[in-house]
Ligand SMILES: Nc1ncnc2c1ncn2[C@@H]1O[C@H](COP(=O)(O)OP(=O)(O)OP(=O)(O)O)[C@@H](O)[C@H]1O
Ligand SMILES: [Mg+2]
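Residue numbers (UniProt numbering), protein chains in the order written: chain A, 1 to 295; chain B, 1 to 266.
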């Protein structure tokens, strides 16, 4: 073989081989992201007979339990259409806790890949978020059916509120998942801590209790409660679905929904975006040591 | 920082004053750490896996990377393919990289062979259409039969390596890294691998070949780099390099020649 025969001109710059643009790299590799998301989804129901039907059974049973235990036995149902009220919160809380929990474990769970392949590691927490988002689908179907049954008609502002809520949780969840997925590589304690942490989330949002209760008890300080982005997201979803399902929507809005909810919502989204930026910085600092710590 | 413009258009790999330390942790739990601290023992220590390594590789060269166990060969390949970043110094590469590191590919144990082929190919930068087009050829090369549809966690180490190698050679790469690829394959597969790697070399792709078998290095490579405890001990012609690591000390009988070329254990 002559030297000339072997010659191959490579039309690419001489550059560091490791991906360095973080979340931006993830955006550029959508096909890989799609594969990761698809495999997570199919892995969840692998070896199960009913398969995807569980995605419907699970939220339905939760809806039933809340309606039965709180609304019926304890008589806690001080608000109209209490089950819908709870379910709106449940969708948000589930989306958040699933993203946070699965995202935190995502890098360790994929260590076989991370140890040997060069790829943006941000891929894994982002994929976890998308999988959780995907599971919002069946819950949304159930919610819509129940709401239509209650005489709900979609309104543009409500749909905007819903989209805003999803965006808040998607960004916030990704930010936290990103930070903790890296930390979890160094100490697996983080995954356990996150599990406990997420158990408390449902009590910090107006899901089991109505927002009026907070307003009455805390008065002026109710404002602080609204600095919790997850609480804002729950209220936004309730504005989108629950309000229209009640007997008197106008009264419900006046009584149960804070006046500047959309402003708080936009603020929560901006805050979450800033947190995502911080998370990326933290991740980049920890990232270098991740492959060697995974053995 | 190293300036990429300082190198010619034919430079394929630049490793410039690269060092990589690992932290050795002796204790993992809080209890163990507390005990160690009370007894005044070290909790952790750093270990220099690569120490000021410098060399450049031109496009189309095939490098034999040799050295004793633990000398840092796999670590160096991880820096070249971008899995790890150097602590100090710079690594630059030109074009797409594919290959195997430390015998196995990055496969997910719970996924089937088929799913792993797609995932692995995507990570290596292949598009969906490209993978579909090459899928049959990949499967044919790996030749693992029905096991394609079972989780790779259940594969024998030979099957695991076959599938990994099959995907890697189908990537249209400019740099190919082969870390002990022949270590676990059976004889027919080893022969097939050698042929394939020669094809890769002859097509002008840069080849970095890690092996303990002097014969196969002699056959495959036109330059040898020897690592010694993380430092470059030798960088030059093949025969001298092999003499340097003293791998051909014991005389090889002619009938063993092929075994040696196929990279059987030394
Ligand atoms: N993640 C890690 N953490 C700590 N030490 C590590 C890690 N990875 C590798 N090392 C150490 O770095 C050194 C070099 O390892 P490496 O795998 O590069 O050796 P090698 O030359 O490929 O050896 P072999 O011929 O056995 O494959 C070894 O001493 C190993 O123990
Ligand atoms: Mg090795």
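Glycine included, every Cβ here is placed at the ideal spot set by N, Cα and C.
For clarity, every value in this text was computed on a predicted model and none was experimentally measured.
Assuming residue i is part of the alpha helix (DSSP H), what are its boundary residues?
| i | result |
| --- | --- |
| residue 104 of chain A | 82-109 |
| residue 170 of chain B | 157-170 |
| residue 61 of chain A | 54-66 |
| residue 230 of chain A | 229-237 |
| residue 196 of chain A | 189-201 |
| residue 33 of chain B | 30-38 |
| residue 212 of chain A | 211-218 |
| residue 122 of chain A | That residue, residue 122 of chain A, is in no alpha helix (DSSP H); it is neither H nor E in DSSP. |
| residue 8 of chain A | Per DSSP, residue 8 of chain A belongs to no alpha helix (DSSP H) and is neither H nor E. |
| residue 24 of chain A | 23-28 |
| residue 225 of chain A | 222-225 |
Just grab the DSSP bridge partners of residue i for me.
| i | result |
| --- | --- |
| residue 151 of chain B | B:112 |
| residue 66 of chain B | B:226 |
| residue 20 of chain B | B:50 |
| residue 155 of chain A | Paired residues: none, contrary to the question. |
| residue 235 of chain B | B:225 |
| residue 45 of chain B | B:24 |
| residue 88 of chain B | B:19 |
| residue 135 of chain B | Bridge partners of residue 135 of chain B: none, in fact. |
| residue 55 of chain B | B:15 |
Report the three-state DSSP secondary structure of residue i (helix, strand or coil).
| i | result |
| --- | --- |
| residue 128 of chain A | helix |
| residue 60 of chain B | coil |
| residue 280 of chain A | helix |
| residue 246 of chain A | coil |
| residue 246 of chain B | coil |
| residue 35 of chain A | helix |
| residue 94 of chain B | strand |
| residue 288 of chain A | coil |
| residue 100 of chain B | strand |
| residue 83 of chain B | coil |
| residue 47 of chain A | coil |
| residue 217 of chain B | helix |
| residue 13 of chain B | strand |
| residue 204 of chain A | coil |
| residue 107 of chain B | coil |
| residue 15 of chain A | strand |
| residue 115 of chain A | coil |
| residue 145 of chain A | helix |
| residue 182 of chain B | coil |
| residue 329 of chain A | This structure does not reach residue 329 of chain A, given that chain A is present from 1 up to 295, and the question cannot be answered. |
Going by DSSP, what residue range makes up the beta strand (DSSP E) through residue i?
| i | result |
| --- | --- |
| residue 207 of chain B | 206-210 |
| residue 179 of chain B | 175-179 |
| residue 201 of chain B | Premise fails: residue 201 of chain B lies in the alpha helix (DSSP H), 187-202, not in any beta strand (DSSP E). |
I believe residue i touches residue j by the beta-carbon criterion, under 8 Å. Please report the beta-carbon distance rounded to the nearest angstrom.
| i | j | result |
| --- | --- | --- |
| residue 182 of chain A | residue 255 of chain A | Not confirmed; about 44 Å, so no contact. |
| residue 19 of chain B | residue 89 of chain B | 6 Å |
| residue 155 of chain A | residue 244 of chain A | 7 Å |
| residue 63 of chain B | residue 209 of chain B | 7 Å |
| residue 112 of chain A | residue 107 of chain B | 6 Å |
| residue 14 of chain B | residue 53 of chain B | Not a contact, Cβ separation roughly 11 Å. |
| residue 226 of chain B | residue 67 of chain B | 5 Å |
| residue 4 of chain B | residue 17 of chain A | Not really, about 12 Å apart at Cβ, beyond 8 Å. |
| residue 24 of chain B | residue 45 of chain B | 5 Å |
| residue 173 of chain A | residue 99 of chain A | 3 Å |
Quick one: list the residues of chain C neighbouring residue i, beta-carbon separation under 7 Å, in chain order.
| i | result |
| --- | --- |
| residue 132 of chain B | In summary, chain C is missing from the structure at hand, where the protein chains are A and B. |
**OP:** Quick one: which residues of the region 196-207 of chain B get their C-beta closer than 8 Å to a C-beta of chain A? List them in chain order.
**Re:** So the close ones are 201, 202, 203, 204 and 205.
Original post:
If contact means a Cβ-Cβ distance below 9 Å, which residues of the region 79-98 of chain B contact chain A?
Top reply: Within the region 79-98 of chain B, 79, 80, 81, 82, 83, 84, 85, 87, 90, 91, 92, 93, 94, 95, 96 and 97 place their CB atoms closer than 9 Å to a CB of chain A, listed in sequence order.
Original post:
If contact means a Cβ-Cβ distance below 8 Å, which residues of the region 117-138 of chain A contact chain B?
Top reply: Taking 8 Å as the upper bound on Cβ-Cβ separation, chain B lies near residues 117, 118 and 119 of the region 117-138 of chain A.
**OP:** Could you list the residues in the region 97-128 of chain B with a C-beta less than 8 Å from some C-beta on chain A, going in chain order?
**Re:** Near chain A, meaning a CB-to-CB distance below 8 Å, the residues of the region 97-128 of chain B are 97, 101, 102, 104, 105, 106, 107, 108, 109, 110, 111, 115, 118, 119, 120, 122, 123, 124, 127 and 128.
Original post:
Which residues, in order along the region 48-76 of chain A, keep a beta-carbon less than 7 Å from a beta-carbon of chain B?
Top reply: Of all residues in the region 48-76 of chain A, none has a Cβ within less than 7 Å of some Cβ in chain B.
Original post:
What residues in the region 275-288 of chain A have a beta carbon less than 9 Å from any beta carbon of chain B?
Top reply: Closer than 9 Å at the C-beta level to chain B, one finds these residues of the region 275-288 of chain A: 287 and 288.
Subject >> Contact list for the region 14-46 of chain B against chain A, Cβ threshold 7 Å >> reply: Across the region 14-46 of chain B, CB contacts with chain A closer than 7 Å involve 14 and 22, in sequence order along the chain.
Subject >> Members of the region 156-180 of chain B that neighbour chain A once the beta carbon cut-off is set at 7 Å >> reply: Sequence-ordered contacts of the region 156-180 of chain B with chain A read 174 [C-beta pairs closer than 7 Å].
Original post:
Using a Cβ cut-off of 8 Å, which residues of the region 47-72 of chain B contact any Cβ in chain A, in chain order?
Top reply: Within the region 47-72 of chain B, the qualifying residues are 59 and 60.
Subject >> Positions along the region 168-194 of chain A whose CB lies within less than 7 Å of some CB in chain B >> reply: So nothing in the stretch comes that close.
Original post:
At a Cβ cut of 7 Å, what residues of the region 206-220 of chain B count as close to chain A, listed as they run along the chain?
Top reply: Contacts with chain A (Cβ-Cβ distance below 7 Å) from the region 206-220 of chain B involve no residue at all.
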